[in-house]
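Protein chains in written order, with the numbering used here: chain U, 821 to 1283; chain E, 821 to 1283; chain A, 821 to 1283. For every residue, glycine included, the Cβ atom is placed at its ideal position computed from N, Cα and C. The structure appears right after this line, and notes come after that.
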Amino acid sequence: MTLHPDRLFPSDPAMRELARSLYASVADAPIVSPHGHTEPRWWALDESFADPATLFVTPDHYVTRMLVSQGVPFEALGIGAAKEEDPREIWRTFAAHFHLFRGTPSRLWIEHSLETVFGITERLSAATADAIYDRVAEALPRDELRPRAIAERFRIEVVATTDGALDDLSYHRQVRESGWPVRIVPTYRPDAVVDPQATGFAENVEELGRVAGISTASWQGYLDAHRARRAFFRDHGATATDHGHATPQTADLPPDEAAALYEKVRTGKLDNGAAELFRAQMLTEMARMSAEDGMVMQLHSGSHRNHSAHVLQTYGRDNGFDIPLPVSFTDALRPLLNAVGHDPDLRLILFALDEATYTRELAPLAGAWPSILLGPPWWFHDSFEGIMRYRRQVTETAGFYNSAGFNDDTRALTSIPARHDLARRADASFLAELVTTHRLDEDEAHDLAWLMAGDLARKAYRF
Amino acid sequence: MTLHPDRLFPSDPAMRELARSLYASVADAPIVSPHGHTEPRWWALDESFADPATLFVTPDHYVTRMLVSQGVPFEALGIGAAKEEDPREIWRTFAAHFHLFRGTPSRLWIEHSLETVFGITERLSAATADAIYDRVAEALPRDELRPRAIAERFRIEVVATTDGALDDLSYHRQVRESGWPVRIVPTYRPDAVVDPQATGFAENVEELGRVAGISTASWQGYLDAHRARRAFFRDHGATATDHGHATPQTADLPPDEAAALYEKVRTGKLDNGAAELFRAQMLTEMARMSAEDGMVMQLHSGSHRNHSAHVLQTYGRDNGFDIPLPVSFTDALRPLLNAVGHDPDLRLILFALDEATYTRELAPLAGAWPSILLGPPWWFHDSFEGIMRYRRQVTETAGFYNSAGFNDDTRALTSIPARHDLARRADASFLAELVTTHRLDEDEAHDLAWLMAGDLARKAYRF
Amino acid sequence: MTLHPDRLFPSDPAMRELARSLYASVADAPIVSPHGHTEPRWWALDESFADPATLFVTPDHYVTRMLVSQGVPFEALGIGAAKEEDPREIWRTFAAHFHLFRGTPSRLWIEHSLETVFGITERLSAATADAIYDRVAEALPRDELRPRAIAERFRIEVVATTDGALDDLSYHRQVRESGWPVRIVPTYRPDAVVDPQATGFAENVEELGRVAGISTASWQGYLDAHRARRAFFRDHGATATDHGHATPQTADLPPDEAAALYEKVRTGKLDNGAAELFRAQMLTEMARMSAEDGMVMQLHSGSHRNHSAHVLQTYGRDNGFDIPLPVSFTDALRPLLNAVGHDPDLRLILFALDEATYTRELAPLAGAWPSILLGPPWWFHDSFEGIMRYRRQVTETAGFYNSAGFNDDTRALTSIPARHDLARRADASFLAELVTTHRLDEDEAHDLAWLMAGDLARKAYRF
């Protein structure tokens, strides 16, 4: 394996030549990462990564789920009570099964990282496992492989993390106070204090009151506590909120009904219906606050989290067992949109796992409502084919300018440049296709390549 | 910008050469336009269009919704109480935002019209706005730019308009009496007298009785009034009916239950359930009448009309805020189909906005039921990618012959040739792909190109 | 018409050359057919086929539905009380309408059979109907055109048939006792004794008890009777079961509730809800038995069978009037999966007609749960475009190794090699696309082509 300079460009020579030229003009553009899951601690403490398995295998649920799907036990990947403790053994298991990733984006991301970060160009396999392990392990303690050095090497300009409403943001403060020029900004993710069915909801809501200095015993107090925490996040550089809901259902109850509903969920007298209605109401409240304070609102919906009860119980959350559900935004978003959807200060970015919504709902919504932008292909769809389907399906109705640009959404630091590179190549291929079929002029394609590589994200997230 | 002669043909040289040759044989074929929304008045009075903004911007909801989605107020586009009155100012706003249409069919349609109708080959922008405005404005009063001249220049053979059941069809009569050889035929669209939740339904039903000369106080009278109006439409050249329903639900109640339901909706004692059931029942009644009188039945379903309450209230209907919904035809159509679906005189043409139904339902339905044909890609999907998806998804199961050919479905006169040209190019590209991959012989592709350019529509609509 | 050696390979020269080479290495690989509907009698008695119409037209519902959809009566195709009895007349009708199959897989399968089995290279049409009929009819009585000779000529290694739970498998025994080396194995398909709404359910369940020698009067007896029949099938070579359910709903009731539900359905006291719940419960019971006895479980769901009441009544089942429905696996499979989904001996192969589930649910499920594999594109989707959509949509999330390989699923003997050839060509095209865009190395593509041509199916079905 070596990274081919023409990877992901169309085979047709005319298209390939143009894709090359479009990509070349953005290949080294600064990276804007407005949504993701890197650890604030990495950026604050700037410590070396422990070992190759910790960097590439154990915490990457794209990797672990695929291995588990073919019979590898979680334990062999360093997860669970009886877990394998030797990172080299974990790495060997990973390497011996590396063929499972053929045709997947994980393969492309991992090889990109191994080559561009570690200079490794051999293909990973049982035979090469130890040699590659040694080279990565040897390199990891070096200064140029600490988080900040990697960010600088790949020209990362800004990274948004995703942080609970109760987080004290001390790592963010520490980064800022260090004077390091890369912007590491938090994102307000209040799910644990918004979802009445979240573990410890009642305590979380009390704690929200404490950290905000506003009693959450009343509906008004609860909303004001959110306002205070949003302001606190903004003071630490946040420009956005993020909401992970199973469905995109919204509601817009009269204030007294909303207050009564809050009283019910706060005191634990809830059933499924009340919980869903409260989450729905809170999306509208968050949208209202976004229209007030200008924080960009992101909605990630449509995943059945923790599909396997056994995996949740034994190994915990975020282990690859989240499975998407059919979703419809059209009716679900109406209450929110009819409440604040025409407010010029609201910006709502929608993410979807049900691709059937791309042409049916998302492109028509973004191509009409001034407050809506479309997030990039999310999760399973952040892949070459996923990006091409997205572009081909949303562009004709929503255009390019109703897009929020690219998000890497990653938990794996070295995959940030890998994912942006993949997206820039896919976008170059898509634009080349439009130009060679005379649907776009070449100067426009160059202009758009630049927008898609960064400016759309900067504008969408108000950076 | 200039219209490239190879636009929309594949980049691969072998496919391109064949696509060119297939397209060449149909490029100048007469245009059959069996479904659309041109104004009967245009054809009857043959007056010049007022100004460039009225021709290209204000009434085109594809254009206005995109501008609104990026923050342009409706007023700046000539819509609303405080609207901009100067067409040149509207045009300037449009031109300054023309980059928003990159990658959209609107861009291709507009440039096709500007070049083929007005000879303009510069790209529209803030810089060229005034010059292009002047050239279009100057040309508009000329005789060759009146509606009939445009129709003749583009070899339009027949145009179906869409007309309410109460319409007196006087413009259609006027066209016919003028001896002009282009067929302008009405289409019976009874939604306002069929949907109990339509504004003024009770009055509409009474008026239906008056214009038909048959009392609509009874279920039987109501059905007979429909029969009379359908006959009146046929006398004016109509060959088809059209039905815009939010869902494709049908029902087949026993006559006495249907009569009781009619009594309920006629007297305003309706709830959501009764209204939906009545619409469902009426689709089956219309299908029965189609089997009697041979009028081709079109069903357009799956749009949540007027998604924004604010836009509806302030600016009215058809302003780009109609958003599709998930739809399923399989169970919904069964009552109608089991009532009359095997009648050799019934022809039912289905249109869809939920592309997930293409392979799942529509192609299997059309590939089995003798009464069903598939309408072309509708609305948001009447685009290059939309057409390619449709062909690739329905052809293998339904073949080419269960298709109703192309519809332009437009409100914009000069986009009729633009849309047919786009569809013919897309079809040529699709056929070229089948031939170069040896799934079809070249003589068959030429035969099919001709069918798709007109004969399928002529046959489907019984012209 | 002649079969072009490059058919279904991409037009782009670089991709085509590679696709050719990938295909060449598997073109003559043995055929593994783990799911289909050939008649056991054919293999046991090895009689000649009667005539061309019986071989190619009357029993092939892909063919008959398409002709019916364009107005040909079932009777003209040899179906129904007043059916045409002369096979030559049936053939003439078929030939005169052969253009209807342009762009469909039926066209490709039929031409493959005519050329490779009968040496016929003329295109079928009204003009060539008689000559081709004569050549096929003349050839049919020859020894080399009997079922076993055809299987040997095309290197068929194993064929699974689909057999009711009550079947005595005498034909399978006869084949085995004949010493013929091709494996003809049954598949346990218990729908008629599992679906309380199946015709004759109560009698079927009693008969199940009789043939199993275990009374089915109790829930435990009923389950044990299934166990006994599964063992009987295994003794005859079966490695798999198959379940055709309208929905993939599963349930996991406590044993006493399940027993009470069984008592209800056994004694005919059932409503729609109880019937659906029983089918749902039985999927979980079957999965439990699969985990016990190692039989691979196949689930085919999502079809509304017998959509036309008239066709069912007049012409019977399996006449092309089965129409897919929207389906979701995510919530529906949870009870089964949480009961046995982590059992290392369970293997569940999922088939879908709703392609919206490919990226939304199926690839994520197969890419996580160790027990799940994905069946190949089913029914309407077993076509070139269908296969390409499937590969492009599932591979990035599920990889290649969570696939069960190819199934031909056919009722038409000569279409077995035709369908495997089509699939191998499509897979070669897909792999060539990955290699030329540098997402996969060439040696890996060769390795995968071989896996996809047989080994994945051998492994999935435990052959």
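Contact under 8 Å by Cβ, residue i with residue j
i: residue 1045 of chain A; j: residue 1073 of chain A; result: no
i: residue 967 of chain E; j: residue 862 of chain E; result: yes
i: residue 1049 of chain A; j: residue 851 of chain A; result: no
i: residue 761 of chain E; j: residue 860 of chain E; result: Here chain E comprises residues numbered 821 to 1283, so residue 761 of chain E is not present and cannot be evaluated.
i: residue 1150 of chain A; j: residue 881 of chain U; result: no
i: residue 1249 of chain E; j: residue 1256 of chain U; result: no
i: residue 1265 of chain E; j: residue 842 of chain E; result: yes
i: residue 1116 of chain A; j: residue 953 of chain A; result: no
i: residue 1161 of chain A; j: residue 1189 of chain A; result: yes
i: residue 1246 of chain U; j: residue 1208 of chain U; result: yes
i: residue 809 of chain A; j: residue 1179 of chain E; result: Given a span of 821 to 1283 for chain A in the structure shown, any question on residue 809 of chain A remains unanswerable.
i: residue 909 of chain E; j: residue 823 of chain E; result: no
Presumed contact (8 Å Cβ cut-off) between residue i and residue j, rounded CB distance
i: residue 1168 of chain E; j: residue 1192 of chain E; result: 5 Å
i: residue 1114 of chain A; j: residue 980 of chain A; result: Incorrect: roughly 15 Å between the Cβ atoms, too far for contact.
i: residue 1148 of chain E; j: residue 1181 of chain E; result: 7 Å
i: residue 853 of chain A; j: residue 956 of chain A; result: With a Cβ gap of about 23 Å, residue 853 of chain A and residue 956 of chain A do not count as contacting.
i: residue 943 of chain E; j: residue 1219 of chain U; result: That pair is no contact at about 16 Å.
i: residue 1184 of chain U; j: residue 1200 of chain E; result: 6 Å
i: residue 933 of chain A; j: residue 1177 of chain A; result: About 32 Å; that fails the 8 Å criterion.
i: residue 983 of chain E; j: residue 1099 of chain E; result: The pair is not a contact, with the Cβ atoms about 19 Å apart (cut-off 8 Å).
i: residue 915 of chain U; j: residue 949 of chain U; result: 3 Å
Reduced DSSP category for residue i - H, G, I as helix; E, B as strand; rest coil
i: residue 842 of chain A; result: helix
i: residue 1144 of chain U; result: strand
i: residue 1234 of chain U; result: coil
i: residue 1117 of chain E; result: strand
i: residue 1216 of chain A; result: helix
i: residue 1256 of chain U; result: helix
i: residue 1282 of chain U; result: coil
i: residue 1061 of chain E; result: strand
i: residue 1033 of chain A; result: coil
i: residue 978 of chain E; result: strand
i: residue 815 of chain E; result: One cannot answer for residue 815 of chain E here, as it falls past the ends of chain E, which runs 821 to 1283.
i: residue 851 of chain E; result: strand
i: residue 919 of chain U; result: helix
i: residue 832 of chain A; result: coil
i: residue 1124 of chain E; result: strand
i: residue 1174 of chain U; result: coil
i: residue 984 of chain E; result: strand
i: residue 1192 of chain E; result: strand
- Task: Report yes or no: do the stretch 1090-1097 of chain U and the stretch 1137-1147 of chain U share at least 3 C-beta pairs separated by less than 8 Å?
- Result: no
- Which residues, taken in chain order from the stretch 1231-1258 of chain E, show a beta carbon closer than 7 Å to some beta carbon of chain U? none
- Message: When you compare the stretch 1048-1068 of chain U with the stretch 979-999 of chain U, are there three or more beta-carbon pairs, one atom per stretch, that lie closer than 8 Å?
- Response: yes
- Task: Indicate whether the contact test is met: 3 or more Cβ pairs, each with one atom in the stretch 1127-1136 of chain E and one in the stretch 866-875 of chain E, closer than 8 Å.
- Result: no
- Give the residues from the stretch 926-958 of chain U that approach chain E closer than 8 Å (Cβ to any Cβ), ordered along the chain. none
- Using a Cβ-Cβ cut-off of less than 8 Å, list which residues of the stretch 887-917 of chain A approach chain E; keep chain order. 888, 889, 890 and 891
- Query: Are the stretch 1258-1275 of chain E and the stretch 957-964 of chain E in contact at 8 Å, needing three or more beta carbon pairs?
  - Reply: no
- Can you find at least 3 beta carbon pairs, one from the stretch 923-931 of chain A and one from the stretch 890-898 of chain A, that sit closer than 8 Å? no
- Name, going along the chain, the residues of the stretch 1150-1161 of chain U whose beta-carbon falls closer than 8 Å to a beta-carbon of chain E. 1150, 1151, 1154, 1157, 1158 and 1161
- Task: Anything in the stretch 860-877 of chain A with a Cβ closer than 8 Å to a Cβ of chain U? List those residues in chain order, please.
- Result: none
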